[in-house]
Amino acid sequence: MAFIPWSHVSLWRCNGCGICCREFEVVLTFNEWLNITKKYGVGFTKSGLNKFYIGKKPDGSCIFLYMAPDGKWLCGLQDNKPLACKLWPFKVLNKPKYGNSKEALFQYYGQNFYVYIDTFCPGIYWGQPTAELIYKVIPEFIEIALGIRQRQIYSTMQFTPRFLIIKKRDYTLI
Ligand code: SF4
Ligand code: SF4
0 MAFIPWSHVS LWRCNGCGIC CREFEVVLTF NEWLNITKKY GVGFTKSGLN KFYIGKKPDG
60 SCIFLYMAPD GKWLCGLQDN KPLACKLWPF KVLNKPKYGN SKEALFQYYG QNFYVYIDTF
120 CPGIYWGQPT AELIYKVIPE FIEIALGIRQ RQIYSTMQFT PRFLIIKKRD YTLI
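Each residue of the sequence shown is one higher than the one before, starting from 0 at the first, in numbering that gives the first Met the number 0.
This is the structure in structure tokens:
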């Protein structure tokens, strides 16, 4: 894992490659573990070193990962996704843990955050930060990290690309 400050990135878009759901162990909070075991059973989780984790399939991928008909990988938990999954590949911190403090600084409603992105994710577009990254994507990740937002729009794969919505509107107008 290598973390870069948000200001090195033009935009981030999840492309549904599913790599993160195959390569990493997802640590669960106690409540997340409880909710999953109540709904699906203990076999959908595992424990070790005083922590709870999401269960894995024999191929090493997350037990909730499945492929949609369009070939994109989707999460079977959706609205009940663990916080660790919701925040990936962003790190929202109150200290510049991974260096480059000036480049990582992001001020939101007068509060200082240090925002980094894991370069392991192929959804990163390098370059000058776009308005979407600054005003939509990062604020949403911050609100999720703070626990004041649950619903994901810009911090997850967007099912209907916005250019299709615009085209549909254009078509209706014609
Ligand atoms: S968050 Fe990144 S690694 Fe995970 S599915 Fe999306 S693009 Fe792929
Ligand atoms: S819970 Fe969902 S998002 Fe998290 S690793 Fe599993 S499939 Fe991926």
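Note that the Cβ used here is the ideal one computed from N, Cα and C, for glycine as well.
query = In the structure shown, what three-state DSSP assignment does Thr-36 receive?
reply = To locate residue 36, count along the sequence shown from 1; it is residue 37. It is helical.
ask   = Using the rule of at least 16 other Cβ atoms within 10 Å of the residue's Cβ for burial, across every protein chain shown, is Leu-64 buried or exposed?
value = Looking up residue 64 in the sequence shown gives position 65. With 16 or more Cβ atoms within 10 Å of its Cβ, Leu-64 is classed as buried.
task = Whole angstroms is fine: what's the gap from Thr-129's alpha carbon to Leu-10's?
result = Here residue 129 refers to the residue found at position 130 when the sequence shown is read from its first residue. Here residue 10 refers to the residue found at position 11 when the sequence shown is read from its first residue. Approximately 6 Å between the Cα atoms of the pair.
ask   = Is it the case that the CB of Asn-51 approaches a heavy atom of ligand 2 more closely than 6 Å?
value = As a working note, residue 51 is residue 52 in the sequence shown. In the sequence as displayed, the identity of residue 51 is Phe instead of Asn. Flag unset: Cβ of Phe-51 not near ligand 2.
request  = State the CB to CB distance for the pair Lys-50 and Val-25, rounded to an integer number of angstroms; the pair is presumed to be in contact (CB under 8 Å).
outcome  = Position 51 of the sequence shown, counted from the first residue, corresponds to residue 50. Position 26 of the sequence shown, counted from the first residue, corresponds to residue 25. About 10 Å separates the two Cβ atoms, so there is no contact after all.
ask   = Would a C-beta distance cut-off of 7 Å place Tyr-153 and Val-136 closer than the cut-off?
value = Along the sequence shown, read from residue 1 onward, the residue named residue 153 stands at position 154. Along the sequence shown, read from residue 1 onward, the residue named residue 136 stands at position 137. Here Tyr-153 is near Val-136, since their CB atoms are less than 7 Å apart.
ask   = Around the Cβ of Lys-80, are there at least 16 other Cβ atoms within 10 angstroms (buried) or fewer (exposed)?
value = If you number the sequence shown from 1, residue 80 lands on position 81. So Lys-80 ends up on the buried side.
ask   = Should Phe-2 be labelled buried (16 or more other beta-carbon atoms within 10 Å of its own) or exposed?
value = Residue 2 sits at position 3 when you count from the first residue of the sequence shown. Buried, by the Cβ-count rule.
key: Inter-residue Cα distance where the pair is Asp-69 and Cys-16   = As a working mapping, residue 69 is identified with position 70 in the sequence shown. As a working mapping, residue 16 is identified with position 17 in the sequence shown. Answer to the nearest angstrom: the Cα atoms are 12 Å apart.
request  = For Thr-155, collect the residues of the same chain with a Cβ closer than 7 Å to its Cβ; drop the 5 residues on either side in sequence, then sort them by chain order.
outcome  = As a position in the sequence shown, residue 155 is number 156, starting the count at 1. Same-chain partners within the cutoff: Cys-13.
query = How would you write the range of the alpha helix (DSSP H) that Lys-85 sits in, first residue to last?
reply = On the sequence shown, residue 85 is found 86 positions in, with the first residue counted as 1. From DSSP, the alpha helix (DSSP H) with Lys-85 extends over 82–86.
query = Is Gln-106 helix, strand or coil when you go by DSSP?
reply = Stepping through the sequence shown from its first residue, residue 106 is reached at position 107. Reduced to three states, the DSSP call for Gln-106 is strand.
message = I'd like to know whether the C-beta atoms of Ile-35 and Lys-85 end up nearer to each other than 7 Å.
response = On the sequence shown, position 36 is the one that residue 35 refers to. On the sequence shown, position 86 is the one that residue 85 refers to. Not closer than 7 Å, so no.
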